[in-house]
Amino acid sequence: MADRPGAIVLGLAGSVSDSLEPGEVIVADTVRGPGPDRSTWGAESERIRVGLREAGIAAVRGPVRSVSRPVRGARRSRLAADGTLAVDMESWWLLAADPAPLAVVRVVCDTPAAELVSFSLPWRARRALAVLSRIAATLDAREALPGQDSHRGLERAAPGGTR
-2 MADRPGAIVL GLAGSVSDSL EPGEVIVADT VRGPGPDRST WGAESERIRV GLREAGIAAV
58 RGPVRSVSRP VRGARRSRLA ADGTLAVDME SWWLLAADPA PLAVVRVVCD TPAAELVSFS
118 LPWRARRALA VLSRIAATLD AREALPGQDS HRGLERAAPG GTR
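Going by my numbering, the first residue of the sequence shown is number -2, and it counts up by one from there.
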């Protein structure tokens, strides 16, 4: 896989426990979903995590679960019990849509203590998006972002895509 072009998927996530705060970063090593677990870009994912750390952006590594709708309440606790760190709504399907390697980087926006629908959402979203911006600038400066193929998986995963 190392000789095939890959992509980095950057986005927001909801933490399934209060151990991760809004603005904290996760580099996924596995993405869980409605089917078999999907591996991310292995060594490249770790290189990204280390590069972020060297740039002053702390990141943890672990599993992310893709879901079809926002996770709230007790369901977060059930997901945390299997080791899942956070949930997103697209990574599993992107990994399924294209055989090119993907690194998945997520920034926490909501937590069990601060659900997605709350008055603090604008503050948390602003904080998470600021961290995403720093990550993108860091990766761009290190020439870690992919070239023209960066949208290939999204096009295939989208309804009516080329697949």
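All C-beta atoms in this analysis are idealised placements derived from N, C-alpha and C, irrespective of residue type, glycine included.
Point to revise | Any 3 or more C-beta pairs closer than 8 Å across the region 25 to 38 and the region 115 to 128 | key: No, they do not touch.
Point to revise | Spatial neighbours of Pro109 in its chain, beta-carbon cut-off 6 Å, leaving aside the 5 residues before and after | key: Taking the sequence shown and counting its residues from 1, one reaches residue 109 at position 112. Excluding sequence neighbours, Pro109 sits near Asp15, Arg73.
Review point. With Ala100 and Ile45 assumed to form a contact (beta carbons below 8 Å), what rounded beta-carbon distance in angstroms separates them?
Key: Counting from 1 along the sequence shown, the entry for residue 100 is found at position 103. Counting from 1 along the sequence shown, the entry for residue 45 is found at position 48. Going by Cβ atoms, the distance from Ala100 to Ile45 rounds to 5 Å, so yes, they are a contact pair.
Exercise for review: Would you tell me roughly how many angstroms separate the C-alpha atoms of Val64 and Ala10, rounded to the nearest one?
Suggested key: Residue mapping note: residue 64 aligns to position 67 of the sequence shown, counting from 1. Residue mapping note: residue 10 aligns to position 13 of the sequence shown, counting from 1. Cα to Cα, Val64 sits roughly 11 Å from Ala10.
Point to revise | Complete runs of the alpha helix (DSSP H) confined to the region 61 to 99 [at least 4 residues] | key: Entirely contained in the region 61 to 99, the alpha helix (DSSP H) runs reaching 4 residues are, in chain order, 71 to 78, 88 to 94.
Exercise for review: Return the CA-CA distance between His148 and Glu18, expressed in angstroms with no decimal places.
Suggested key: Position 151 of the sequence shown, counted from the first residue, corresponds to residue 148. Position 21 of the sequence shown, counted from the first residue, corresponds to residue 18. With a pLDDT of only 47 at His148, under 50, the local geometry of the prediction cannot be trusted, and the value read off the model is given with reservation. Going by the C-alpha atoms only, they are around 29 Å apart.
**Study point:** C-alpha gap between Leu113 and Cys106, whole angstroms
**Key:** Within the sequence shown, residue 113 is the residue found at index 116, counting from 1. Within the sequence shown, residue 106 is the residue found at index 109, counting from 1. One Cα belongs to Leu113, the other to Cys106, and the distance between them is close to 8 Å.
Exercise for review: Mind checking which residues open and close the beta strand (DSSP E) that includes Val8?
Suggested key: Looking up residue 8 in the sequence shown gives position 11. Strictly speaking, residue 8 in this sequence is Gly, with Val absent from that position. From DSSP, the beta strand (DSSP E) with Gly8 extends over 4 to 12.
Practice item. Determine the burial state of Pro67: buried for a count of at least 16 other Cβ atoms within 10 Å of its Cβ, exposed for fewer. Key: As a first step, residue 67 is located in the sequence shown; it is residue number 70 there, counting from the start. Residue environment: Pro67 is assigned as exposed (fewer than 16 neighbouring CB atoms within 10 Å of its CB, all protein chains considered).
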